[in-house]
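Chemist: One structure is given below, represented as structure tokens, and several questions about it will come after.
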Amino acid sequence: MSTESSYYVPEQSKLPIITATGMGLMAYGAASWVVSGGSMIFTAGLAIMAVVMFKWWSLVIDENMRGLANDQLKRSYVLGMLWFIFSEVMFFAAFFGALFYLRVIVNSWLGGDAAIGLFDDTPTDAAVANNALLWPGYETAWPPMVTPDEAANGANATFIGPDEAMSFPGWAKLLGWLPLWNTVILITSSVTVHIAHTGLKNNNRKQFIGWLALSVLLGMIFLVLQVEEYVHAYQHMGLTLESGIYGTTFFLLTGFHGAHVTLGTVMLLIALIRAIKGHFSNEDQFGFEAASWYWHFVDVVWIILFFVVYVFD
Amino acid sequence: MAHGPATLADGWRAYISRWVFTTNHKDIGTLYLWFSFAMFLMGGAFAMVIRAELFQPGMQLIRPEFFNQMTTMHGLVMVFGAIMPAFVGLANWMIPLMIGAPDMALPRMNNLSFWILPFAFAILTSTLFMEGGGPNFGWTFYAPLSTTYAPESVNFFIFAIHIMGASSIMGSINIIATVMNMRAPGMTYMKMPLFVWTWVITAFLLVAVMPVLAGAVTMMLMDINFGTSFFDAAGGGDPVLFQHVFWFFGHPEVYIIILPAFGVVSQIIPTFSRKPLFGYSSMVYATAAIAFLSFVVWAHHMFTVGMPIAGELYFMYATMLIAVPTGVKVFNWITTMYKGSLTFETPMLFSIAFVILFTFGGFTGLMLSIAAADMQYHDTYFVVAHFHYVMVAGAVFSGTAAIYYWLPKWCGKMYNETMGQVQFWVAFIGFNIAFMPQHFLGLAGMPRRYADYGLQFADWNMVSSIGAFIYGGAQIMLLYNVIATIRNGKPTTEEKTWEGAEGLEWTVPSPAPYHTFEKPPEFK
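Keeping their order, the protein sequence lines are chains A and B.
Residues in the first sequence are numbered from 3 upward in steps of one, following our numbering.
Residues in the second sequence are numbered from 103 upward in steps of one, following our numbering.
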């Protein structure tokens, strides 16, 4: 409930309409890009968005520095950020849900052994017929190294399964397994962000900036390793977007996570620049806190992803 | 803007920049309402094309391919362009007034949420003029019809949905932040008007499911252009996956459309019954229960897809459960009217029609929820009739009621009561002539989304088309009534337009000043 004696209502602004124009150009441009190949309109939209986002956040920061943002407005920003993160959670939920459905339910239907009930393993007639008539030879397996298409049509298939999967390689090769190192890096970065936060709360500027810089660095290293993993998958493992449902779910889940790490790293980097400029104090630190919440969120997503995409096959 | 908002007298430049650059919740609410009405007329024009073609058996006016584009665009424009923005417009206008806030919590983002929409719908509508035509796969855009077999314009549709979703999420976050953070002192949660309650729950649903819709169209985009196989069994995917993801969004979506309508009716019925709303807290809990249940019933749209029997049973019973909180609401509205001093002004007429027709639509929904019976009803005109009873007689009637109810507060002019009542009766009769026969058509076996039909369906189709044209005419009358009120309506300045009205919005002058509650009011 409101505790303020008066409110801050901003003046008219040109920023939203420019943002909307940029978004509209990006949407139209992206569609015409995939349809006919030209990226001009999309790039124009992206450029507008980049400039206007910079201006918009500069304005918000500036208003805050001038003391225009009262406690109530700050609470609105906090709510805005938290519900935005919730919407991101639901976006990932859609992809995790799809992975679960594809792995647990679709896979056994295609392989012809979808069970008749929860407590009875007998395959249903429909599943058996589905397998025998449409995808003969396909066997339920995860990760599926052979696609149903490949099992039924051999070399004529559109979707050819990967040569290798990203699965857990066994304890002997554990230390050479890239996803493990990525997990270590991301968890460490969450800890370093927390240490930076503690430094800020205790007015320890050196601790704050130092550990925040380390967090940004870890985020960047994670992204480099992720790119390295993709290159390896494409060049040496035969694992691509086209290699059936395994490649599909692998690249979409890790790809969207990577995109969010990129955004999170940019947010932390901006927080770092602002920290060096001395924008934050132990009372006024929302810009940094928002970035750190987002960072913890992408970290949690990675931990779930690490287990369901890499470890449990 | 020290002297208030720019009017036409200040010149075109000032007037246009007022609307384009505005951060005022009333301006943005007005923009949303006019935009949604424009979309309503466009979606309505598509519906008229459909009904004109179905007036007689055989193909008379358009080609079947274009018919498919019309059914698709009618659904998309009405759901995403007309009904949703109309209620967001009402939320923008009324929530700050009802909770004693000066504006929405994040006014600039509010403006952005609105101005994305014209771009999104320009992109969506432009697909009709593209090579290969616009989206032709139905508003539910099932894969593989919307992926493997779709026209190229599907890519424009996908990105239009993306930015529409961004607009909805930002709008909803704004509403949640406003309600949680901007209430006047004394305005505790359980004292909030029901319209505010239903909207904050709706906003929660939107933030939860719009990202899932974004996920669904993203998977489509990848399948179409980048060789993935989410919805292709050949690669190990499944077209049914699309239906699961879509309806995980789609079922909460129908409550997103109807919950604010519940809120509007819960404001209007007490006013014209001159009694407080019966069972306020049970209304709040029922709304929350409906919202919760909306997440766990999605596959009742998919009974014929080949689900295991355990799934069919679960989704059937879970769906039937929704009738309980919905029944609570219907009985509360009726009990509010019981022994009230009723008068029947236009908003009340629309609200009572809402209660009757929505309940009717709810009962046909209950019929559809029976998995065994749904095998027969699925994808017939019975389904079309069912959801038009809840969408049109539900959402659109309550939206119309809201316009008549709050119009005097918005523009300080009173609408012509006779004209309002005539419009109501034309709409009510036209609606029932249009959609009641569709139940019979569906039960007799006429499939939905067909451009042509067997001779046995001819009579009721002709009746339905006549009703649809009458109902379409009623919307032109509504437009006339609103414009006539704004231009020549009898001025009214009293705060309380309606004798029995309660709430903070009736404590400010009419028309509501450009800025209200710059100091928070005391609410007891």
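We treat Cβ as the ideally placed atom computed from N, Cα and C, and that holds for glycine.
Hey, which unbroken runs of the alpha helix (DSSP H) at 4 residues or more fall wholly within the region 477-511 of chain B?
Modeler: 483-492
Chemist: Under 7 Å Cβ to Cβ from Leu133/B, same chain only, skipping five residues before and after it: list those, please.
Modeler: Trp121, Phe216
Chemist: Report the rounded CA-to-CA distance for Leu307/B versus Gln237/A, giving the unit in angstroms.
Modeler: Taking the straight line from one Cα to the other gives about 43 Å.
Chemist: Report the rounded CA-to-CA distance for Ser566/B versus Glu447/B, giving the unit in angstroms.
Modeler: 28 Å
Chemist: Which chain A residues are close to Leu208/B, counting only those with a beta carbon under 7 Å from its beta carbon?
Modeler: Ser78, Gly82
Chemist: Helix, strand or coil for Pro539/B, going by three-state DSSP, please let me know.
Modeler: Helix.
Chemist: Could you give the DSSP three-state label for Ile118/A: helix, strand or coil?
Modeler: strand
Chemist: Return the Cβ separation of Gly338/B and Thr126/A in integer angstroms, given the expectation that the two are a contact with Cβ distance under 8 Å.
Modeler: At roughly 19 Å, the Cβ-Cβ gap does not stay under 8 Å, so Gly338/B and Thr126/A are not in contact.
Chemist: Find the residues of chain B that neighbour Ser89/A, judging by a C-beta separation of less than 8 Å, and give them in chain order.
Modeler: Ile271, Ile275, Val309, Ala310, Met312, Pro313
Chemist: For Thr185/A, which residues in the same chain have their Cβ closer than 6 Å to its Cβ, ignoring the five residues on either side in sequence?
Modeler: Hits under 6 Å: Phe308.
Chemist: Using the Cα positions of Thr520/B and Phe374/B, report the straight-line distance between them to the nearest angstrom.
Modeler: 17 Å
Chemist: Exposed or buried, Asp112/B, counting other C-beta atoms within 10 Å across all chains shown (16 or more means buried)?
Modeler: exposed
Chemist: Alpha carbon to alpha carbon, how far is Lys626/B from Met3/A? Give it in angstroms, no decimals.
Modeler: Only weak support exists for where Met3/A lies, its pLDDT of 47 falling under 50; the value from the coordinates is given anyway. So the alpha carbons of these two residues sit roughly 14 Å apart.
Chemist: Between Tyr616/B and the rest of its own chain, which residues show a CB-CB distance below 6 Å, the 5 nearest in sequence each way excluded?
Modeler: Gly106, Pro107
Chemist: Pull out every residue of the region 229-258 of chain A whose Cβ sits closer than 9 Å to any Cβ of chain B, in chain order.
Modeler: Going along the region 229-258 of chain A in chain order, one finds Thr242, Leu243, Glu244, Ser245, Gly246, Ile247, Tyr248, Gly249, Thr250, Thr251, Phe253, Leu254, Phe258 with a Cβ nearer than 9 Å to chain B.
Chemist: Along the region 278-302 of chain B, where does the CB come closer than 7 Å to a CB of chain A? Name the residues.
Modeler: Ile278, Ala279, Met282, Asn283, Met284, Arg285, Ala286, Pro287, Met289
Chemist: Tell me whether Asp286/A sits in a helix, a strand or coil according to DSSP, three-state version.
Modeler: Note: Asp286/A maps to coil in three-state DSSP.
Chemist: So, at 7 Å on beta carbons, what are the nonlocal neighbours of Met103/B in its own chain, with the 5 sequence-adjacent residues on each side left out?
Modeler: With a pLDDT of only 40 at Met103/B, under 50, the local geometry of the prediction cannot be trusted, and no value is derived from it.
Chemist: What's the C-alpha gap between Ala134/A and Tyr251/B?
Modeler: Between the alpha carbons of Ala134/A and Tyr251/B lies a distance of about 26 Å.
Chemist: To the nearest angstrom, how far is the alpha carbon of Leu110/B from that of Ile118/B?
Modeler: 9 Å
Chemist: According to the neighbour-count rule (16 or more other Cβ atoms, all chains shown, within 10 Å of its Cβ), is Leu241/A buried or exposed?
Modeler: Label assigned to Leu241/A: buried.
Chemist: Just to confirm, are Asp73/A and Ser192/A a CB contact at a threshold of 7 Å?
Modeler: no
Chemist: Can you say whether Gln558/B is buried or exposed, counting buried as having 16 or more other CB atoms within 10 angstroms of its CB?
Modeler: Classification for Gln558/B: exposed.
Chemist: Determine the DSSP secondary structure at Met3/A, reduced to helix, strand or coil.
Modeler: Residue placement at Met3/A is poorly supported in this model, since its pLDDT is 47, which falls under 50; the coordinates still yield a value, given next. In this structure, Met3/A counts as coil in the three-state DSSP scheme.
Chemist: Count Cβ pairs between the region 451-471 of chain B and the region 490-503 of chain B that sit closer than 8 Å; are there 3 or more?
Modeler: yes
Chemist: Rounding to the nearest angstrom, what Cα-Cα distance links Thr124/B and Leu120/A in this structure?
Modeler: 57 Å
Chemist: Which of helix, strand or coil does DSSP assign to Lys441/B?
Modeler: coil
Chemist: Can you say whether Ile260/B is buried or exposed, counting buried as having 16 or more other CB atoms within 10 angstroms of its CB?
Modeler: buried
Chemist: Is it the case that the region 41-61 of chain A contacts the region 150-159 of chain B, given that we only count it when at least three CB pairs across the two stretches are under 8 Å?
Modeler: no
Chemist: Skipping 5 residues on each side, what residues in its chain have a beta carbon closer than 6 Å to that of Leu226/B?
Modeler: Ala262
Chemist: First and last residue of the alpha helix (DSSP H) that includes Val310/A?
Modeler: Run containing Val310/A: none; DSSP gives neither H nor E here.
Chemist: At what residues does the alpha helix (DSSP H) containing Gly574/B begin and finish?
Modeler: 560-590
Chemist: Return helix, strand or coil for Met418/B, following the three-state DSSP convention.
Modeler: The three-state reading of DSSP puts Met418/B in helix, counting H, G and I together.
Chemist: So for Thr629/B, helix, strand or coil by DSSP?
Modeler: Here chain B comprises residues numbered 103 to 626, so residue 629/B is not present and cannot be evaluated.
Chemist: Does Ile118/B have its Cβ less than 7 Å from a Cβ in chain A?
Modeler: Ile118/B does not count as touching chain A.
Chemist: Between Asn126/B, Ile130/B, Ile164/B, Phe223/B, which has its C-alpha nearest Met180/B's C-alpha?
Modeler: The option with the nearest alpha carbon to Met180/B is Phe223/B.
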